[in-house]
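Here is the structure we will look at, set down as C-alpha cells.
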Amino acid sequence: MEHAVLDTPERRAFYAAIDGENLSALWTNMAALITPEPRSACRPFLWRFDAIRARMMEAGALITAKEAERRVLVLENPGLRGQSKITTSLYAGIQLVMPGEVAPAHRHTQSALRFVLEGRGAHTAVGGEKTMMEPGDFVITPSMQWHDHGNASPDPMFWLDGLDIPVVQFLDASFAEGLGEDEQPITKPTGDSWARYGHNLLPVDLKRSSRTSPIFNYPYAHSREALERMKAAGDPDPCHGFKLRYTNPVTGDHAMPTMGTFLQLLPKGFATSRYRSTDATVFVPVEGRGRSRIGEETFAWGPRDVFVVPSWKSVTHEADDEAVLFSYSDRPIQEKLDLWREDRGNA
Ligand code: GTQ
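The opening position of the sequence shown corresponds to residue 69 in our numbering, with each subsequent residue numbered one higher.
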C-alpha cells in the first residue's frame with residue numbers, strides 16, 4: 069500500500085490528459101488515501117481558561133449576546149486553522165452570557181453539548197423546559213430543538229460548547245432557523261425531564277424514543293457522587309482511572325448520537341498507562357491539577373482548561389491532586405460504523 073509508482077514521460081502526459089476530463093489515477097494517490105494508520109492534521113493543544121476568560125470579557129464589552137446571536141470564541145485546532153474545528157470532526161467554543169442577557173431562540177440540525185465552566189443561575193431552555201446551570205453540569209441541545217440561553221444571575225456565565233458542526237458540514241446536512249423571539253414558550257416545569265427520566269425510571273407507556281437522551285441536564289453533583297463511590301469500591305482502570313460515560317436512559321447508548329461524553333476521576337498521584345484510540349478527544353479538567361503527555365508533548369492543566377488529544381496519539385495523564393476530567397469525542401459515530409479502535413498497550 070505504501071509503494072510509490074514510477075514516473076515516466078508517457079505516464080505524466082497521461083495524467084495531464086485525464087486531468088482535463090475530471091479524472092485522476094488512483095495509483096498516484098493511493099498511499100495518501102488509504103494510510104496504514106490515522107494521519108491526522110489535528111494537533112495536540114491546550115487552551116488556558118484564564119486567557120480565554122480575559123478575551124471573553126473583552127468580547128463582552130464589544131458585542132451583546134443578542135447582536136452576536138451567540139457570543140462565542142471558537143477553539144481552533146492549530147493544525148486546522150480557519151475551519152472552526154477543534155478536531156477533524158468536532159467543534160468547540162467558549163460561550164459567555166452576561167447578567168441580564170439573552171441568546172435568542174434558534175434551532176439547527178447540529179447537536180450541541182454544554183459543559184458549564186463558571187457561574188451559576190443562568191439557564192438554557194430546550195423543548196419548552198428551562199434548566200438552571202451550575203459548574204460541571206453537562207447539558208444537551210438535541211438536533212433541531214429550539215434553544216435559547218439567559219442569565220438572570222448577577223455574574224457572567226461561561227460554558228464550553230461542543231457541537232458536531234464539522235460532521236454535519238461533511239454530510240451537507242445543515243438546516244437552521246431563528247424563532248423570531250428571544251425566548252421560546254415554556255410549557256414544562258424546570259426539572260420535568262430529570263424527574264421522568266433521571267431516576268432509573270421511565271414513563272410507563274413510553275413509545276417514542278430518540279437517539280438523543282430525554283435528560284438534558286446531567287447535574288455534576290450526581291455524576292461526581294458516582295465517581296466517588298466507584299473510587300471507594302474498587303481499583304482504578306490503568307488507562308482511565310475511574311471513568312463513566314453519559315448515557316441515554318431509554319436506549320443505554322451514548323447520551324447523544326454524534327458525540328460521546330465521559331467523566332473520569334484520577335486519584336491523587338495516579339498516572340495512567342499509555343492509551344490511544346481513533347476518536348480524537350476534547351478534555352476539560354473540572355477539579356485538580358495534573359499533566360497529560362500527548363504524543364511527544366506534555367501539557368500541564370488545571371480546572372476549566374481545554375485540551376485536545378488527536379486520533380491515535382498516545383496519551384497518559386498524571387494527577388497531582390485528585391482530578392476530575394470531562395471529555396467528548398465522536399466515538400458514537402465510529403462505533404456505529406465499526407471504525408472505532410483502541411490500543412490499551414498491555415494494560
Ligand atoms: O448556543 O446554540 O458555540 O448554535 C455554536 C453554535 C453555540 C448555541 C455555538 C450555536 C450555539
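Note that beta-carbon positions come from the ideal geometry of N, C-alpha and C, so glycine has one too.
Only a predicted model underlies this, so the values are computations on that prediction, with no experimental measurement involved.
Run through DSSP, which three-state label would residue i get?
| i | result |
| --- | --- |
| W95 | helix |
| A193 | strand |
| L331 | strand |
| A300 | helix |
| Q237 | helix |
| F117 | helix |
| S291 | helix |
| D87 | helix |
| Y396 | strand |
| R80 | helix |
| S261 | helix |
| A348 | coil |
Does any heavy atom of the ligand GTQ sit closer than 7 Å to the C-beta of residue i?
| i | result |
| --- | --- |
| A171 | yes |
| D250 | no |
| A129 | no |
| Q229 | Per the sequence presented here, residue 229 reads as Asp, with Gln not at that position. Yes, the Cβ of D229 comes within 7 Å of a heavy atom of the ligand GTQ. |
| V184 | no |
| R138 | yes |
| H191 | no |
| A180 | yes |
Look at the alpha carbon of residue i and the alpha carbon of residue j, and state the distance between them as a whole number of angstroms.
| i | j | result |
| --- | --- | --- |
| S211 | I120 | 27 Å |
| P282 | T319 | 10 Å |
| E197 | T258 | 6 Å |
| D373 | S92 | 45 Å |
| Y396 | S291 | 15 Å |
| M98 | Y83 | 15 Å |
| D406 | P400 | 10 Å |
| P378 | A81 | 39 Å |
| T209 | D75 | 53 Å |
| V194 | P104 | 43 Å |
| L270 | F330 | 23 Å |
Compare the Cα-Cα distances from residue i to each of the options and report the closest residue.
| i | options | result |
| --- | --- | --- |
| V142 | L130, A133, G161 | G161 |
| A300 | Q402, L130, L334, D223 | L334 |
| I154 | L228, K336, Y314 | L228 |
| A244 | M201, Q213, V235, P222 | Q213 |
| G246 | G88, H174, F238 | H174 |
| M125 | R139, L114, V235 | R139 |
Can you determine whether any heavy atom of the ligand NAD sits closer than 7 Å to the C-beta of residue i, and answer yes or no?
| i | result |
| --- | --- |
| Q163 | Absence of the ligand NAD from the depicted structure is noted, with the ligand GTQ being the only ligands included. |
Worksheet item: Would the region 249-267 and the region 149-161 be scored as touching if the rule is three or more Cβ pairs under 8 Å?
Response: No: the two stretches stay apart, fewer than three of their Cβ pairs being nearer than 8 Å.
Discussion item. I want to know whether the region 347-357 touches the region 301-311 - three or more CB-CB distances under 8 Å.
Written reply: Not touching, per the Cβ criterion.
Discussion item. Three Cβ pairs or more, each shorter than 8 Å: is that satisfied between the region 268-280 and the region 359-368?
Written reply: Counting Cβ pairs under 8 Å, fewer than three are found: no touch.
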